[in-house]
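Engineer: Following this message is one structure expressed as C-alpha cells.
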Amino acid sequence: MKVVIADDQALVRGGFRLILREAGIDVVAEAADGAEAVAAVAEHRPDVALMDIRMPEVDGIEATRRILADGAGGPDGVRIIILTTFDLDEYVYEALAAGASGFLLKDISPEQLVASVQLVRAGDALLAPSITRRLVHRYAARPGAVPTAASGARARGRDLSALTPREHEVLGLVARGLSNAEIAASLTLSEATVKTHVARLLTKLQLRDRVQAVVLAYETGIVQPDARASGRPAP
C-alpha cells in the first residue's frame with residue numbers, strides 16, 4: 001500500500017510517517033500544502049492520501065476536489081482521508097462532498113490511524129452511521145447547503161432511473177445513516193441481500209462508496225433533511 005501525507009506541519013507529517021511505516025505501509029511522498037499534495041498524488045498514484053484541511057495557498061478540501069476531478073478516485077484509484085484538529089461538522093460535509101472517503105481527527109491513536117488507512121483502501125467508507133446522521137441532519141438542512149451549483153451538476157450526471165425500486169429504497173436508508181444490519185431489519189431482508197443491493201446501486205450510479213451515496217441522495221432530493229421526523233426516506 002502506498003500513502004501520501006499532506007499537512008503543513010512537518011512534525012505531524014513525521015509522526016504519521018513513522019506510524020505508517022512501522023505498520024509496513026509505504027509513505028511515498030509528503031506535501032506541505034494542497035498544491036504539493038495534488039502534484040504528489042499525480043506523480044506517485046498512491047492508494048490513500050491523508051489530507052489536512054487548513055493548509056496555505058490551497059486547502060485540503062480544494063486539493064481533494066482537484067485530485068478527484070481528473071478521475072483519480074475511480075474504483076481502483078486514490079482514497080482520501082481528511083485529517084484535522086477541527087471537529088466541525090461543516091468541514092466534514094465539505095470534505096465528503098468534495099469526494100473524500102473519510103474524516104478523522106488528529107488525536108486518534110496510532111492503531112486507529114493504521115486501521116483507518118487499511119479500511120479505506122479496502123473500499124469501505126470511513127464514516128460511522130452515527131456520524132452520518134449527525135452530519136446530514138445538522139448541515140443538509142441549512143439554507144443553501146445542498147444542492148449547490150457543483151453538486152447539482154454531479155447529481156444531473158447520475159441516472160437514478162437505473163435503480164430498481166428496492167435499490168432506491170436502500171439508497172434512501174443509506175442516506176439516513178443506517179448500517180447494513182439496520183437496513184436489513186427495516187426491510188426484513190438478510191444483511192447479505194442488503195450488501196448486494198448497496199453494491200449494485202453504487203455500481204449503477206458510478207459511486208465509489210456509501211459516503212458518496214449519502215451526499216448524492218441529499219443533493220438529488222431522494223432524502224430530505226427532515227426525513228428523520230417520519231423515520232422514513234422522503235418520497
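Here the sequence shown stands for residues 1 to 235, numbered as in full-length UniProt numbering. The beta-carbon is built from N, C-alpha and C at its ideal position, and this holds for glycine as well. Please read all numbers here as calculations on a predicted model, not as lab measurements.
#1: What is the C-beta distance between Arg210 and Val198, in whole angstroms, given that I count them as a contact (C-beta under 8 Å)?
#2: Taking the alpha-carbon of Leu187 as reference, which of Leu11, Arg200, Leu171 has the nearest alpha-carbon?
#3: Lys2 by DSSP, collapsed to three states: which one?
#4: Should Leu216 go down as buried or exposed, given a rule of 16 or more other Cβ atoms within 10 Å for buried?
#5: Could you check what DSSP says for Glu30 in three-state terms: helix, strand or coil?
#6: Taking 6 Å as the limit between beta carbons, can you name the residues of its chain near Ala98, skipping five residues before and five after?
#7: Look at Ala49 and Val78 and say whether their C-beta atoms are less than 7 Å apart.
#8: Could you please give me the residues that DSSP links to Ile82 through a beta bridge?
#9: Would Ile81 and Ala95 qualify as a contact pair, given that the criterion is a beta-carbon distance under 7 Å?
#10: Are the beta-carbon atoms of Val58 and Asp33 separated by less than 7 Å?
Structural biologist: On the basis of the data shown:
#1: So it is a contact: roughly 7 Å between Cβ atoms.
#2: When only C-alpha atoms are compared, the closest one is Leu171.
#3: Lys2: strand per DSSP, three-state reduction.
#4: By the 10 Å Cβ count, Leu216 comes out buried.
#5: The answer is strand: DSSP assigns Glu30 an E or B state.
#6: Setting aside the 5 residues that flank it on each side, Ala98 is surrounded in the same chain by Ile61, Thr64, Arg65, each with a C-beta closer than 6 Å to its C-beta; the list follows chain order.
#7: Yes. Within cutoff.
#8: According to the DSSP secondary-structure assignment, Ile82 is paired through a beta bridge with Met51, Phe103.
#9: The answer is no: Cβ separation not under 7 Å.
#10: Yes; because the gap between Cβ atoms is below 7 Å, this pair is in contact.
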